[in-house]
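Engineer:
Numbering (my numbering), first residue to last: 919 to 1173.
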């Protein structure tokens, strides 16, 4: 009777063991939860650190991008960038100015021969200067160079075309060539003037002798005077030619 009362107060042994197992499982679950919580906190800290580093990297990349963009925008040489399909994805202001188009009008061109915007040469660029009628109707002398951009797997990632406006240089070269021709002509004129001056001096000398022998008022005297006057005029012209060929240097001194 006493044993029966004890079992009634404590419950069946199976229930007691189940309660003990449940208590153990609850303890394990609590421990696992705390371990997961610690791991989650660690992962969260790592993510916060990674996010902070990513923000720093993004800031550095953004600053580098802005710097490179500023450099590209201020280059006096035209730069046209194409993607792997040949479409123009970027063109700096110098390229637009050289081609006579407004900013942004080159973007999106497919670069296919005659339909290429403003006559860009693309892969046909050979580095030589060519006269090109640009979109604004002005004929410019432009030298184009083309370079391919390779991706990490050696495939074509795009290309860059460099435009150099040599119109002014070409005009200066032509002017210099003309000045060289004038200089050569001046040297030739100086030599001719020297050769002509000698017989002119002889003509003037003989005319002066003829004037001395001719009576005053005679035709011979009048003709001799005219010959001397003509010789003097010719000598002045020859002197001007010699001055053009070999300008006299100024002799400077303090007074």
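Backbone N, C-alpha and C define an ideal beta-carbon position, used for all residues, glycine too.
By DSSP, does residue 989 sit in helix, in strand, or in coil?
Structural biologist: Along the chain shown, one-based indexing puts residue 989 at 71. If DSSP states are grouped into helix, strand and coil, residue 989 belongs with the helices.
Engineer: Could you check the C-alpha separation between residue 1032 and residue 976 for me, to the nearest Å?
Structural biologist: The residue given as residue 1032 occupies position 114 in the chain shown. The residue given as residue 976 occupies position 58 in the chain shown. Here residue 1032 scores only 35 on pLDDT, less than 50, and its place in the model should not be relied on; the value that follows carries that caveat. Their backbone Cα atoms lie some 41 Å apart in a straight line.
Engineer: Among all the DSSP beta bridges, which residues are the ones paired with residue 996?
Structural biologist: Taking the chain shown and counting its residues from 1, the one referred to as residue 996 is at position 78. DSSP lists 1081 as partners of residue 996.
Engineer: Quick one: is residue 1030 buried, meaning 16 or more other Cβ sit within 10 Å of its Cβ, or exposed?
Structural biologist: For this step, residue 1030 is matched to residue 112 along the chain shown. Model confidence at residue 1030 stands at a pLDDT of 42, short of 50, so the residue's coordinates are unreliable and nothing is read from them.
Engineer: What are the complete beta strand (DSSP E) segments, minimum 3 residues, inside the stretch 953 to 985?
Structural biologist: List check, beta strand (DSSP E) in window: nothing returned.
Engineer: Between residue 1078 and the rest of its own chain, which residues show a CB-CB distance below 6 Å, the 5 nearest in sequence each way excluded?
Structural biologist: If you number the chain shown from 1, residue 1078 lands on position 160. Result list for residue 1078: 999 and 1065, in chain order.
Engineer: Taking the DSSP output, what are the residues bridged to residue 1065?
Structural biologist: As a working mapping, residue 1065 is identified with position 147 in the chain shown. Residue 1065 pairs with 1078.
Engineer: Using DSSP with H/G/I as helix, E/B as strand and the rest coil, what is residue 881?
Structural biologist: Lying before the first or after the last residue shown, residue 881 is absent from the chain, which here runs from 919 to 1173.
Engineer: Determine the direct distance from the alpha carbon of residue 934 to that of residue 948, and round the result to whole angstroms.
Structural biologist: The residue you call residue 948 lines up with position 30 of the chain shown. The residue you call residue 934 lines up with position 16 of the chain shown. Distance between the alpha carbons of residue 948 and residue 934 is about 21 Å.
Engineer: Please check the pair residue 1139 and residue 1132, which I expect to be a contact at CB under 8 Å, by giving their CB distance rounded to whole angstroms.
Structural biologist: Position 221 of the chain shown, counting from 1, holds the residue named residue 1139. Position 214 of the chain shown, counting from 1, holds the residue named residue 1132. About 4 Å; that satisfies the 8 Å criterion.
Engineer: Among residues of its own chain, excluding the 5 on either side of residue 1168, which ones have a beta-carbon nearer than 6 Å to its beta-carbon?
Structural biologist: Within the chain shown, the letter at position 250 stands for residue 1168. Around residue 1168: no qualifying Cβ.
Engineer: Can you give me the start and stop residues for the beta strand (DSSP E) that residue 1012 sits inside?
Structural biologist: Sequence index remark: in the chain shown, residue 1012 carries index 94 (1-based). Run containing residue 1012: none in the beta strand (DSSP E); it sits in the alpha helix (DSSP H), 1011 to 1017.
Engineer: On a CA-only basis, which of 1049, 983 and 987 is nearest residue 1085? Give me that one, please.
Structural biologist: Within the chain shown, residue 1085 is the residue found at index 167, counting from 1. The shortest C-alpha separation from residue 1085 is found at 1049.
Engineer: Going straight from the alpha carbon of residue 1146 to that of residue 1108, what length do you get?
Structural biologist: Within the chain shown, the letter at position 228 stands for residue 1146. Within the chain shown, the letter at position 190 stands for residue 1108. Straight-line Cα distance between these residues: approximately 23 Å.
Engineer: Are residue 1121 and residue 1142 close, meaning C-beta to C-beta below 7 Å?
Structural biologist: As a position in the chain shown, residue 1121 is number 203, starting the count at 1. As a position in the chain shown, residue 1142 is number 224, starting the count at 1. Against a cut-off of 7 Å, the Cβ pair of residue 1142 and residue 1121 comes out as no contact.
Engineer: Return the bridge partner residues of residue 1049 from the DSSP annotation.
Structural biologist: Reading the chain shown from its first residue, position 131 is the one you call residue 1049. Per DSSP, 1059.
Engineer: Alpha carbon to alpha carbon, how far is residue 974 from residue 982? Give it in angstroms, no decimals.
Structural biologist: Residue numbering aside, residue 982 sits at position 64 when the chain shown is read from its first letter. Residue numbering aside, residue 974 sits at position 56 when the chain shown is read from its first letter. So the alpha carbons of these two residues sit roughly 12 Å apart.
Engineer: Measure the CB-CB distance between residue 990 and residue 1010 and report whether it falls below 7 Å.
Structural biologist: As a first step, residue 990 must be located in the chain shown, where it is residue number 72. As a first step, residue 1010 must be located in the chain shown, where it is residue number 92. Result yes, Cβ atoms of residue 990 and residue 1010 sit closer than 7 Å.
Engineer: Are the CB atoms of residue 1047 and residue 1056 within a distance shorter than 7 Å?
Structural biologist: Within the chain shown, numbered from 1, the residue matching residue 1056 stands at position 138. Within the chain shown, numbered from 1, the residue matching residue 1047 stands at position 129. No, the Cβ-Cβ distance between residue 1056 and residue 1047 is not below 7 Å.
Engineer: Return the chain-ordered list of same chain residues with a C-beta closer than 8 Å to the C-beta of residue 1171, the five sequence neighbours on each side being excluded.
Structural biologist: Residue numbering aside, residue 1171 sits at position 253 when the chain shown is read from its first letter. So no residue of the chain qualifies.
Engineer: Alpha carbon to alpha carbon, how far is residue 1006 from residue 980?
Structural biologist: What you label residue 1006 is simply residue 88 of the chain shown in a count that begins at 1. What you label residue 980 is simply residue 62 of the chain shown in a count that begins at 1. The straight-line gap from Cα to Cα measures roughly 22 Å.
Engineer: Using only the alpha-carbon positions, how far apart do residue 994 and residue 963 sit?
Structural biologist: The residue labelled residue 994 in the question sits at position 76 within the chain shown. The residue labelled residue 963 in the question sits at position 45 within the chain shown. About 49 Å.
Engineer: Given that a residue counts as buried once 16 or more other Cβ atoms are within 10 Å of its Cβ, and exposed if not, what is residue 1156?
Structural biologist: Taking the chain shown and counting its residues from 1, one reaches residue 1156 at position 238. Per the 10 Å Cβ criterion, buried.
Engineer: So, helix, strand or coil for residue 1121, using DSSP?
Structural biologist: Here residue 1121 corresponds to residue number 203 of the chain shown, with the count starting at 1. Helix at residue 1121.
Engineer: Go ahead and pull the three-state DSSP assignment for residue 1030.
Structural biologist: On the chain shown, position 112 is the one that residue 1030 refers to. Here residue 1030 scores only 42 on pLDDT, less than 50, and its place in the model should not be relied on; the value that follows carries that caveat. If DSSP states are grouped into helix, strand and coil, residue 1030 belongs with coil.
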